[in-house]
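> Numbering (the numbering used here), first residue to last: 4 to 339.
Submitted below is the structure of interest, expressed as structure tokens.
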Ligand code: KG4
Ligand code: ZN
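This is the structure in structure tokens:
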């Protein structure tokens, strides 16, 4: 029985995972950052500190387990905001020490990479896994639970960052992704022709900063006096379609080129409605199975950390007795 803690950015989450089954997965999102237009690291750390004990109790209650039932603690130690990671790891270390439990540091990206398995335990390796969030956009070729290679990533902005920056340009709050998704439902995705950066390049890399700049010029030129409701819907639908087209094309190409018939998507952007439906349609046409986990496993969550933590622990149960590991805010590692 694993108690897992995730606090790498602006979600505090504690989960109980047993035998790859999620018994609870409590997520507390720090919505207050929206008034600042982005995550303020210092405020994020303080909010984690305020919430973490409470949601740990809640998670234990929902799972209906006692602290004495827990056999190990798993915690995200990289990558992420240093202060936020320090709150989660310090809490997890305290919990482990006071209850004499082993502690397993887990890479957040590995959590996302394998989160499709929480949804569908019958997935067979190899798979192509695409992690798309506010901080990351990358495609991985995954051969097993401890063998994966990053085969493409963004050269500049992450997909979620593109959603958030475009949303800001058209006057929407942070985080903009869910709002663009919402308004796009009433808009015409073919109305405005925004660029699809790198879509025809024969690689699995991305670049989204040019798209954002193009939306900026487009708005200055065409809507100097403001944007009507209909225009807003159409801009959301058209910009969203540009991002979705690139993500779908690249991940399908990655699967085809590597002769793989399973794709997993994860990270906040994978909750996008249009992405999920387009990927589903196009992968079915190509004989590929696409797995988009339920929303609570797409966003930052502790269940995915517990899932990987448990596998690591079972592989090497005597290895995780040290409290000396530190946090590391660095981004993706290219190869493990
Ligand atoms: O994985 P996540 O919760 O946090 C990290 O960045 O690690 O992802 C957050 C990102 C934000 O950029 C947000 O705008 C985007 O995911 N996002 C979405 C949607 N829901 C969240 N983007 C597009 N459509 C959505 N429905
Ligand atoms: Zn994440």
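Ideal Cβ placement from N, Cα and C applies to all residues, glycine included.
Can you tell me whether DSSP reads residue 24 as helix, strand or coil?
Three-state result, residue 24: strand.
> Is the CB-CB distance between residue 135 and residue 273 below 8 Å?
Yes, these two residues count as a Cβ contact at 8 Å.
> DSSP state of residue 9, grouped into three classes?
Note: residue 9 maps to strand in three-state DSSP.
> Do residue 250 and residue 278 have their C-beta atoms within less than 8 Å of each other?
Going by C-beta atoms, residue 250 is nearer than 8 Å to residue 278.
> Assuming the contact rule is C-beta atoms closer than 8 Å, residue 160 and residue 120 should be a hit. Round their C-beta distance to whole Å, please.
That pair is no contact at about 28 Å.
> Given this structure, state the Cα-to-Cα distance separating residue 237 from residue 74, to the nearest angstrom.
If I take the Cα positions, the gap works out to 52 Å.
> If we count the other Cβ atoms within 10 Å of its Cβ and call it buried at 16 or more, is residue 315 buried or exposed?
Per the 10 Å Cβ criterion, buried.
> Considering Cα atoms alone, identify which of 288, 306 and 164 is closest to residue 243.
Among 288, 306 and 164, the Cα nearest to that of residue 243 belongs to 164.
> From the DSSP output, read off the bridge partner residues of residue 322.
BP columns for residue 322 are empty, so no partner.
> Of the residues 51, 331, 307 and 328, which one's Cα is nearest the Cα of residue 22?
Residue 22 has its Cα closest to that of 307, out of 51, 331, 307 and 328.
> Is the separation between the beta-carbon of residue 99 and that of residue 130 shorter than 8 Å?
Contact: no.
> Touching or not, the stretch 176 to 196 and the stretch 144 to 161, by the rule of three or more beta carbon pairs under 8 Å?
Counting Cβ pairs under 8 Å, fewer than three are found: no touch.
> Starting from the C-beta of residue 330, find all residues in its chain whose C-beta is less than 7 Å away, skip the five residues before and the five after it, and write them out in chain order.
Here the set comprises 80, 81, 85, 88, 89 and 92.
> Between residue 219 and the rest of its own chain, which residues show a CB-CB distance below 6 Å, the 5 nearest in sequence each way excluded?
Same-chain partners within the cutoff: 172.
> Do you know whose CA, among 264, 271, 270 and 200, lies nearest residue 283's CA?
Taking only the C-alpha atoms, the option nearest residue 283 is 264.
> Thinking C-alpha only, which one of 6, 44, 51 and 116 is nearest residue 65?
Minimum Cα distance to residue 65 is reached at 6.
> Does residue 157 pass the burial test, meaning 16 or more other C-beta atoms within 10 Å, or should it be called exposed?
Its Cβ being crowded by 16 or more others within 10 Å, residue 157 is buried.
> First and last residue of the alpha helix (DSSP H) that includes residue 57?
Start and end: 44 to 66.
> Three-state secondary structure (DSSP) at residue 204?
Coil.
> What does residue 150 pair with, by DSSP beta-bridge criteria?
Partner(s): 147.
> Using the beta-carbon count (16 or more within 10 Å), is residue 144 buried or exposed?
Counting Cβ neighbours within 10 Å, residue 144 comes out buried, since at least 16 surround it.
> Decide if residue 14 is buried, meaning its Cβ has at least 16 other Cβ atoms within 10 Å, or exposed.
Counting Cβ neighbours within 10 Å, residue 14 comes out buried, since at least 16 surround it.
> Would you mind sorting residue 338 into buried or exposed? The rule is 16 or more other CB atoms within 10 Å of its CB.
Low confidence applies here, because residue 338 scores a pLDDT of 38, under 50, leaving its location unreliable and the question unanswered by this model.
> Taking only three categories from DSSP, how would you classify residue 120?
Reduced to three states, the DSSP call for residue 120 is helix.
> For residue 255, which of 94, 202 and 297 has the nearest alpha-carbon?
The candidate whose alpha carbon is nearest that of residue 255 is 202.
> Do residue 142 and residue 133 have their CB atoms nearer than 8 Å?
Yes; because the gap between Cβ atoms is below 8 Å, this pair is in contact.
> Would you mind sorting residue 253 into buried or exposed? The rule is 16 or more other CB atoms within 10 Å of its CB.
Classification for residue 253: buried.
> Considering only residues of the stretch 174 to 232, which uninterrupted alpha helix (DSSP H) runs meet the minimum length of 4 residues and lie entirely inside it, listed in chain order?
List check, alpha helix (DSSP H) in window: 179 to 187 and 212 to 225.
> Classify residue 106 as buried or exposed, calling it buried when 16 or more other Cβ atoms lie within 10 Å of its own Cβ.
Its Cβ being crowded by 16 or more others within 10 Å, residue 106 is buried.
> Drop a sphere of 10 angstroms on the beta-carbon of residue 3, count the other beta-carbons inside from all chains shown, and report buried for 16 or more, exposed for fewer.
Beyond the ends of the chain as shown, which are 4 and 339, falls residue 3; an answer cannot be given.
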